[in-house]
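One structure below.
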Amino acid sequence: MEKSKITYAQAIAEVEQILERFNNEQMNVDELGAQVKRAAELIRLCKERLRKAEKEVDEALKEEE
(Lines of atoms letter the chains of each structure in order from A and count residues from 1; the text may use other names and numbers.)
(Lines give C-alpha, C1' and ligand atoms only; values in the text may rest on other atoms or scores of the structure.)
Protein backbone atom coordinates (compact mmCIF):
# COMPACT_ATOMS: atom_id res chain seq x y z
CA MET A 1 0.00 0.00 0.00
CA GLU A 2 1.36 3.41 -0.95
CA LYS A 3 2.48 5.61 1.95
CA SER A 4 0.13 8.50 1.17
CA LYS A 5 -2.85 6.18 0.69
CA ILE A 6 -2.69 4.27 3.98
CA THR A 7 -4.62 5.60 6.95
CA TYR A 8 -3.35 5.73 10.52
CA ALA A 9 -5.80 2.98 11.50
CA GLN A 10 -4.66 0.76 8.61
CA ALA A 11 -1.01 1.27 9.54
CA ILE A 12 -1.66 0.36 13.18
CA ALA A 13 -3.66 -2.71 12.12
CA GLU A 14 -0.84 -3.88 9.85
CA VAL A 15 1.76 -3.43 12.60
CA GLU A 16 -0.48 -5.43 14.94
CA GLN A 17 -0.76 -8.21 12.32
CA ILE A 18 3.01 -8.32 11.94
CA LEU A 19 3.45 -8.52 15.72
CA GLU A 20 0.80 -11.21 16.03
CA ARG A 21 2.47 -13.33 13.35
CA PHE A 22 5.83 -12.86 15.04
CA ASN A 23 4.48 -13.67 18.51
CA ASN A 24 2.67 -16.76 17.21
CA GLU A 25 5.83 -17.93 15.46
CA GLN A 26 4.08 -17.79 12.07
CA MET A 27 6.89 -15.78 10.51
CA ASN A 28 9.87 -17.58 9.06
CA VAL A 29 13.40 -16.27 9.16
CA ASP A 30 13.36 -15.48 5.44
CA GLU A 31 10.61 -12.88 5.82
CA LEU A 32 11.61 -11.56 9.24
CA GLY A 33 13.90 -8.80 7.94
CA ALA A 34 11.35 -7.51 5.44
CA GLN A 35 8.57 -7.56 8.03
CA VAL A 36 10.65 -5.69 10.61
CA LYS A 37 11.49 -3.10 7.95
CA ARG A 38 7.80 -2.76 7.02
CA ALA A 39 6.78 -2.41 10.68
CA ALA A 40 9.42 0.31 11.19
CA GLU A 41 8.13 2.15 8.10
CA LEU A 42 4.55 1.96 9.38
CA ILE A 43 5.54 3.14 12.86
CA ARG A 44 7.41 6.08 11.32
CA LEU A 45 4.30 6.94 9.28
CA CYS A 46 2.12 6.79 12.41
CA LYS A 47 4.50 9.07 14.30
CA GLU A 48 4.42 11.58 11.42
CA ARG A 49 0.62 11.54 11.42
CA LEU A 50 0.50 12.02 15.19
CA ARG A 51 2.95 14.94 15.03
CA LYS A 52 0.88 16.54 12.28
CA ALA A 53 -2.34 16.10 14.27
CA GLU A 54 -0.69 17.52 17.40
CA LYS A 55 0.51 20.56 15.45
CA GLU A 56 -2.98 21.13 14.01
CA VAL A 57 -4.55 20.90 17.48
CA ASP A 58 -1.97 23.29 18.94
CA GLU A 59 -2.60 25.78 16.13
CA ALA A 60 -6.36 25.52 16.58
CA LEU A 61 -6.06 26.12 20.31
CA LYS A 62 -3.78 29.13 19.76
CA GLU A 63 -6.39 30.65 17.48
CA GLU A 64 -8.91 30.39 20.32
CA GLU A 65 -6.71 32.39 22.73
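Per our numbering, residue -11 is the first one in the sequence shown, and the count goes up by one each step. Using N, Cα and C, we set each Cβ at its ideal position, and we do this for glycine too.
Backbone secondary structure at Lys(-7) - three-state DSSP: DSSP, reduced to helix, strand and coil, places Lys(-7) outside both helices and strands of the structure shown, so it counts as coil.
The stretch 7 to 17 / the stretch 41 to 49 touching (three or more Cβ pairs under 8 Å): Two segments are said to touch when three or more pairs of C-beta atoms, one from each, lie closer than 8 Å; by this definition the stretch 7 to 17 does not touch the stretch 41 to 49.
Environment of Leu33 [buried if 16+ CB atoms lie within 10 Å]: Within a 10 Å sphere around the beta-carbon of Leu33 sit 16 or more other beta-carbons, which makes this residue buried.
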